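What the sequence shown shows, in full-length UniProt numbering, is residues 1 to 129, in sequence order.
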Amino acid sequence: MMDNDHSELEGLNEKIMETSSEYVPSTSDGSEYLMSTRNKNIRRHIGRRLARNVDNLSEDEKRKLAQRRERNKQAAAKFREKIKRTILELEEEKSIWERRVSENLARIDRLKASANHLKEICNSHKCVA
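Here is the structure:
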């Protein structure tokens with residue numbers, strides 16, 4: 001089983017070397033982007049396979065792997081907190097804008113009422129004159 005996993009990883013490494021050494025011209029349809037995305041996906045797959053297979057790692061490598069996982073967890077938690085803060089800030093900003101809109105609508109209503117009152121006064125004076 002170990003030899004099979006190892007040969008599979010070597011095969012994936014060879015795929016990476018083949019695709020990354022190829023020159024892919026930039027085109028309007030984004031094929032260069034797709035190629036780089038493919039390389040990233042292959043590398044991720046290799047990383048996952050290596051992460052699952054920790055039995056053959058040295059203690060130092062296991063420690064480094066555990067540290068990397070911990071850093072990744074901390075980074076993910078930090079990112080989630082940043083998203084929460086951003087959402088709260090945007091909700092607060094939204095409520096401020098909604099309050100301003102309602103204040104402006106009330107002001108518009110008062111101005112319309114004042115304009116109607118002035119029109120009535122003007123029309124009543126025209127009739128008198």
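The beta-carbon is built from N, C-alpha and C at its ideal position, and this holds for glycine as well. As the structure is a prediction and not an experimental result, all values here were calculated from the model.
- Three-state secondary structure (DSSP) at S114? helix
Rounded straight-line distance, which links the Cα of N116 to that of I83:
49 Å
Next on the checklist: According to DSSP, simplified to helix, strand and coil, what is N56?
Outcome noted: Of the three classes helix, strand and coil, the one that applies to N56 here is coil, per DSSP.
Practice item. Pull up the distance between the alpha-carbon of R68 and that of R99, whole angstroms please. Key: If you draw a straight line from the Cα of R68 to the Cα of R99, it comes to about 46 Å.
Legend entry - Inter-residue Cα distance where the pair is R71 and R110: 58 Å
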